[in-house]
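Written below as structure tokens is the structure these notes are about.
Number of protein chains: 2
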Amino acid sequence: MNPTIYDVSRLSGVSTATVSRAFSDPDKVRESTRRKVFEAAEVLHYYPNAIARAMARQRTDKIAFLICKKDATILDEFYASICESIMKESNRSDYQLVISTASDWNQTPNTAQSRQIEGVILGGSASADLVTEFQSRNTAVVMVNNRLPGVDVPYVLSDEYGGVRLVVEHLASRGHKNIAMLAGRFSPYIVGERYNAFLSVTKEFGLKVSAQNVKMCDADVESAAQAAEELLRQKNRPTAVFGANDVIAAGVMKAARRLKLRVPEDVAVVGFDDSAVCTMLEPELTSVHINCQRMGELGMEHLRALLAGETCPSVTVVPVELKVRGST
Amino acid sequence: MNPTIYDVSRLSGVSTATVSRAFSDPDKVRESTRRKVFEAAEVLHYYPNAIARAMARQRTDKIAFLICKKDATILDEFYASICESIMKESNRSDYQLVISTASDWNQTPNTAQSRQIEGVILGGSASADLVTEFQSRNTAVVMVNNRLPGVDVPYVLSDEYGGVRLVVEHLASRGHKNIAMLAGRFSPYIVGERYNAFLSVTKEFGLKVSAQNVKMCDADVESAAQAAEELLRQKNRPTAVFGANDVIAAGVMKAARRLKLRVPEDVAVVGFDDSAVCTMLEPELTSVHINCQRMGELGMEHLRALLAGETCPSVTVVPVELKVRGST
DNA sequence: CTTCGCATTGTAAGCGCTTACAATTTATTT
DNA sequence: AAATAAATTGTAAGCGCTTACAATGCGAAG
């Protein structure tokens, strides 16, 4: 089949040990020898067999990004973006990346052990059990975009509180006093954070939020639109609605249009995530931009640190940015 | 470190060969022995080391999904969806899936050889060279959503022509005689297919399409919106615009709104891909639904066939479906 | 010219599994 | 019960690499 180190050894006239060293630790072989080895390798189309190398080294340099979600679409825009960033980073550091959804590996930690995965980046709503299971098997773990109270693992989080603060600040500065929030049932952690932040920040700004101005709905546009209609039909209609993410906000805009309310004149709408849809809507949706790329980079960076036996911060918060557009 | 087959062998009192067989070919060991082995494995938390197994077997069962794109966002909704489907399928058949963008592996086929990847699903605009390079190294290749004239490789394609036909048919049945198309510069293959199909189908339906009713623009909303404005400002304004994908169509809707044209009364709009944004727009966007899941399944199925030494169809076309919504 | 130290290279023993082949046990047949 | 076939298990040789250790070569110092 493929040429092996023996073929290169024979053709170049040096031992296999030298060939091996030429590839994995070039400084250990004399310049002239190295050249001979590489020439022979070139001729034979030899590339080191990563499997055999892993076997001998007792290290695989293999890591995984596990997305834990129950929803239909696992690779949504948000995680796809983090994913891409992790892909890029893992590549730069010569790690082999395996991407998977937790539901796919029926026995995730077993599969990971079997496949000799040395570190895992957990995205989404992984359970505490999953984390500790990995840790107990000596697998490095970093968690992205989720927080498990009492679980000691490095977290990479987006600044949810700060994002909500920017939203409320912005709306308040535009003179809104009656702001509603429409939350959707997606990631419990994220929704919880945004919801609590909303309550706390509005209070801080001296805005009172009545109970009927905070609603919960399912995480699809239509549910959001229906919930938003109720919200906007109240006698004391809110002048601004904050959707817990862009899909929800899009639902709010639909509702507004159905009720013949103008956005932003009659009701301002804000979303969260700054996904691609924001600029496709008319008016364009004001939203909080999450730095997914940075989150991926940090996840990877921390995992690399753990694998190298170094320490890394237990919580890293990535700043967000408010993108003001036509909807406010 | 981790327990090995020797530990299990010792604890269960059988040879390593038997332990190995119990795990990889259970029918070859007596029921009672098998139980002993599994019990010992359980106690030791033993799981077969996939690396060592690959080494001994000379097979890795490793495959890759390579997305070849130049755009900023590699994992867009479309590919993410195919990806998810491939993930699911590969898992069912115990393949190890590596997902990557071609740009990530600086020397893709070398890396693949080094990592002992046995088969590749190529998505997007891969080059003919890439395909033949893989094939010359005995790596099975299947191509999804792209076609390279003269390159012999199994193709899994969506029915672009059929989709466009559904669109034109639909618009014609609604009485539209003056239909425009706005194409964007994304995948050359896809745009080409949709564009040619549009010209050919409109001709078939006896609709004449003037040159200024077919425009090209960049693949983002704003470019599309600007191009669409020109389209809609003509004295002989088209009554329907077909966007080559949903992003373009969203741009058309934005343009319509800017020009105070009502959708669908003044101008009907149709997209392609049936992405999530369709239902977020108001009115909702009529679009052609592509069965990404099926495309992923077929890609995987064909790759599996190739790896098993079986044959598979050289071109498979996946049917599409028109989702009629408020925009027409 | 010998001796020592360092840089370079070679020898060979694994890494954890599979599997051909041999040896043994068990079931079946005469 | 002996003979034969079939099922089960064991022995041991790799798979392609790395790396500890040994061996060699070379220049500098004595």
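Keeping their order, the protein sequence lines are chains A and B.
Using this note's numbering, the letters of the first sequence correspond one by one to residues 3 to 330.
Using this note's numbering, the letters of the second sequence correspond one by one to residues 3 to 330.
In this text, a Cβ means the ideal position worked out from N, Cα and C, and glycines have one as well.
query	result
Chain A contact for Ile101/B (CB, 8 Å cutoff)	yes
Closer than 8 Å to chain A by CB, Leu13/B	no
For Ile53/B, the three-state DSSP class (helix, strand or coil)	helix
Cβ-based burial, Met3/B [other Cβ within 10 Å; buried from 16]	exposed
Beta-carbon separation (whole angstroms), Ile69/A vs Ala104/A, contact threshold 8 Å	7 Å
Cβ pair Pro190/B, Asn215/B closer than 8 Å	no
Chain-ordered chain A contacts of Ala54/B [CB-CB under 7 Å]	Met57
Cutoff 8 Å: Ala344/B Cβ touching any chain A Cβ	A question about residue 344/B goes unanswered here, because the residues of chain B that appear run from 3 up to 330.
Start and end residues, alpha helix (DSSP H) containing Met3/B	Segment: none, Met3/B is in no alpha helix (DSSP H) and carries neither H nor E.
Candidates Thr18/A, Val269/A and Tyr48/A: closest to Arg235/A by CA position	Val269/A
Residues in the region 76-93 of chain A having any Cβ partner in chain B nearer than 8 Å	Ile76, Leu77, Asp78, Glu79, Ala82, Ser83, Cys85, Glu86, Met89, Lys90 and Asn93
Any C-beta of chain A under 8 Å from that of Val21/B	no
Beta-ladder partner(s) of Phe244/A, from DSSP	Met183/A and Val272/A
Gln295/B at chain A interface by Cβ criterion, 8 Å	no
Other residues of its chain near Ile7/A: CB distance less than 7 Å, five sequence neighbours each side excluded	Thr18, Val21 and Ser22
Host beta strand (DSSP E) of Met89/B (start-end)	Where Met89/B is concerned, there is no enclosing beta strand (DSSP E), although the alpha helix (DSSP H) it sits in stretches over Glu79 to Arg94.
Other residues of its chain near Ser329/B: CB distance less than 6 Å, five sequence neighbours each side excluded	Val265, Pro266, Val271, Pro285, Leu287 and Thr288
Extent of the continuous alpha helix (DSSP H) run through Phe188/B	From DSSP, Phe188/B is part of no alpha helix (DSSP H); its letter is neither H nor E.
Simplified DSSP state of Val144/B, which is helix, strand or coil	strand
Leu77/B beta carbon less than 8 Å from that of Leu77/A	yes
Boundaries of the alpha helix (DSSP H) in which Glu232/B is found, first to last residue	Val223 to Arg235
Within chain B, the residues that Pro50/A reaches when beta carbons sit closer than 8 Å	Ser116
DSSP state of Ser212/B mapped onto helix, strand, coil	coil
Cβ distance (whole Å) where Val158/B is taken to contact Leu300/B below 8 Å	5 Å
Opening and closing residue of the alpha helix (DSSP H) in which His172/A lies	Glu162 to Ser175
Alpha helix (DSSP H) segment containing Leu308/B, residue limits	Cys294 to Leu309
Three-pair Cβ contact test at 8 Å for the region 34-49 of chain B versus the region 39-52 of chain A	no
Best match in Tyr163/A, Leu209/A and Pro156/A for proximity to Ser175/A [C-alpha to C-alpha]	Leu209/A
7 Å CB neighbourhood of Ala229/A in its chain, flanking five on each side removed	Leu184, Lys217 and Cys219
The region 78-95 of chain B / the region 144-152 of chain A touching (three or more Cβ pairs under 8 Å)	no
Within chain B, the residues that Lys1/A reaches when beta carbons sit closer than 7 Å	Because chain A spans 3 through 330 in this model, residue 1/A falls outside it and cannot be assessed.
Residue(s) in a DSSP beta bridge with Arg283/B	It is worth fixing the name first, because residue 283/B is Leu in this sequence and not Arg. Note: Leu283/B sits in no beta bridge, so no partner.
Residue interval of the alpha helix (DSSP H) (run including Ser26/B)	Thr18 to Ser26
Spatial distance of Asp154/A from Val319/B (CA atoms)	50 Å
Within chain A, the residues that Ala98/B reaches when beta carbons sit closer than 8 Å	The question names Ala, but residue 98/B is Gln in the sequence shown. Those within 8 Å of Gln98/B in chain A are Val100 and Arg117.
Reduced DSSP category for Gln115/A - H, G, I as helix; E, B as strand; rest coil	helix
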